[in-house]
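Some notes on the structure that comes next.
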Ligand code: ATP
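Residue numbers (the numbering used here): 26 to 464.
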């Protein structure tokens with residue numbers, strides 16, 4: 026049997042729509058550029074990814090979680106440097122009005138959209154933050170921003186978390202939440218959008234220990250992506266040769282998407298830049314008193330891990346997508362080989378026929394399994410067609426209730442990947458699935 030990986034992003038976009046993972050935002054109005062809605066299966070998959078991250082990052086001795094507001098005091102963004110520096114150089118084609126990031130194209134080449142020569146405007150800096158008004162009066166004093174990253178909600182809460190949780194260095198604060206960037210060139214499906222979710226963690230450390238913290242988090246974060254089922258050969262490290270002014274080391278984990286290699290996660294050593302800035306602008310003392318080192322006072326350094334939830338989801342979906350060709354066209358199938366704990370639906374319960382005799386035990390089993398997992402109940406069409414649909418959404422187990430069930434109190438459980446079927450006693454189905462798929 027031969028199999029193929031995902032060939033193009035267009036195939037994944039079509040599959041996502043067709044099977045209820047991701048829809049275009051406001052589709053009935055023609056859509057809104059680069060905004061996407063999670064459908065019923067997408068929201069499950071994304072929640073499972075978030076849960077996997079939250080567990081890995083906060084079910085530890087040294088990391089707490091927070092959930093900060095999206096709207097923050099406008100001075101936060103002055104202090105962080107976003108008001109002055111969070112810009113991309115932008116050029117327009119004077120002929121077709123297309124917009125490009127000046128640092129992404131060759132300005133001496135013709136416009137890639139319309140072919141016009143020498144048609145670009147001079148590059149000008151474009152701030153990527155969305156602003157809005159707070160309160161009923163529209164004046165400049167009421168201007169606030171939709172956060173372009175979740176990190177600042179962590180930095181400003183450093184003293185709150187440290188004191189209330191009685192933390193000593195090193196310790197981390199983790200957060201999952203929406204971020205907004207008015208990207209000049211969004212695209213590649215959910216790779217680059219204007220509204221997205223980040224999963225970020227700031228690890229506060231003693232200055233001078235950043236190299237060992239970097240090693241530790243590089244290893245943990247790399248392994249997390251592997252544990253989610255991503256193939257190793259599709260992951261690579263990229264070391265930043267040119268560092269941002271606040272960083273003293275920076276690495277990205279890149280994934281080989283259908284459109285090419287792209288950043289999925291950044292692991293950055295940010296020194297004490299952020300706390301220093303907030304100390305200066307807020308005029309609050311953010312020093313840490315190190316009781317283990319003669320009550321020395323200093324601003325902690327920060328090691329940050331920052332991963333885009335949507336990019337991660339795109340990688341998980343791209344990696345899982347296979348088309349299998351067993352040689353018999355009838356049996357060809359698309360299968361999403363999600364790691365079972367990430368799969369949106371864990372089990373599909375299928376009475377062989379729509380008959381009360383079969384539906385009775387089938388719905389009883391459904392009710393029992395639903396206490397622990399997200400399940401589907403499917404009575405439509407032939408069993409073969411129902412299997413195909415579950416393969417396409419990546420359901421690890423399909424459970425068929427047939428006429429034998431009425432006498433032997435067992436069901437057939439079919440494995441998504443091997444397609445092997447096993448007979449399992451009704452009262453053992455839950456533990457069988459839990460064990461087999463580590464749920
Ligand atoms: P890029 O170079 O791709 O613009 P970045 O270096 O600006 O990304 P960071 O500011 O480090 O990204 O953000 C951390 C993570 O947030 C990225 O690794 C990515 O996974 C995610 N992310 C950033 N911008 C977007 C976006 N516009 N859409 C979706 N995810 C994003």
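Where a beta carbon is used, it is the ideal one built from N, C-alpha and C, also for glycine.
Bounds of the beta strand (DSSP E) holding residue 293 are 285 to 294. Assigned with DSSP and collapsed to three states, residue 365 falls in coil, not helix or strand.
Note on geometry: alpha-carbon atoms of residue 211 and residue 59 lie some 6 Å from one another. Going by C-alpha positions, residue 368 is about 6 Å away from residue 420. Its Cα nearest to that of residue 103, the residue 299 stands out among 299, 325, 445.
Look at residue 67: its beta carbon is at least 7 Å from all of the heavy atoms in ligand 1.
In the DSSP annotation of this structure, residue 316 is not part of any beta strand (DSSP E), being labelled neither H nor E.
With fewer than 16 neighbouring CB atoms inside 10 Å of its own CB, residue 381 falls in the exposed class.
When the beta-carbon positions are compared, residue 282 and residue 340 come within less than 8 Å of each other.
Between the alpha carbons of residue 428 and residue 457 lies a distance of about 21 Å. The region 191 to 201 makes no contact with the region 122 to 141; the number of CB pairs closer than 8 Å stays below 3. Look at residue 154 here: in three-state DSSP terms it is coil, with no helix or strand label.
Per DSSP, the continuous alpha helix (DSSP H) segment holding residue 430 begins and ends at 430 to 433. Close CB contacts of residue 256 within its chain, under the 8 Å cut and outside five residues either way in sequence, are with 344 (chain order). The three-state secondary structure of residue 201, taken from DSSP, is strand.
Around residue 65, the same chain offers 45 as residues with beta carbons nearer than 7 Å, after the five sequence neighbours per side are excluded. Apart from sequence neighbours up to five positions away, the residues of its chain that approach residue 387 with a beta-carbon distance below 6 Å are 374, 376, 426, ordered along the chain.
When secondary structure is reduced to three states using DSSP, residue 348 falls in the strand class. Going by DSSP, residue 108 is part of the alpha helix (DSSP H) stretching over 107 to 110. Contact annotation: residue 398 and residue 28 have beta-carbon atoms that are not nearer than 8 Å. For the pair residue 174 and residue 235, the CB atoms are not nearer than the 8 Å cut-off.
For residue 170, the enclosing beta strand (DSSP E) starts and ends at 168 to 171.
Of the residues assessed, residue 118 falls on the buried side of the cut-off, its CB having 16 or more other CB atoms within 10 angstroms. In this structure, residue 327 sits near residue 229, with a CB-CB distance shorter than 8 Å. Contact annotation: residue 74 and residue 63 have beta-carbon atoms that are not nearer than 8 Å.
Taking a C-beta distance under 8 Å as the contact criterion, residue 254 and residue 396 do not qualify as a contact pair. When DSSP states are grouped into helix, strand and coil, residue 337 belongs to the helix group. At the C-beta level, residue 161 and residue 115 stay beyond 8 Å of one another. Boundaries of the beta strand (DSSP E) harbouring residue 124: 124 to 126, taken from the DSSP string.
By the CB criterion at 8 Å, residue 311 and residue 184 fall inside the cutoff. Counting along the chain, residue 89 sits inside no alpha helix (DSSP H); it lies in the beta strand (DSSP E) bounded by residues 88 to 90. In the DSSP assignment, residue 382 falls within the unbroken alpha helix (DSSP H) covering 381 to 395. Inter-residue distance for residue 274 and residue 401 is about 47 Å (C-alpha atoms, whole angstroms).
Shortest Cα-Cα distance from residue 79 to any of 32, 246, 313 involves 246. The C-beta separation of residue 286 from residue 261 comes to about 7 Å, placing the pair in contact by the 8 Å criterion.
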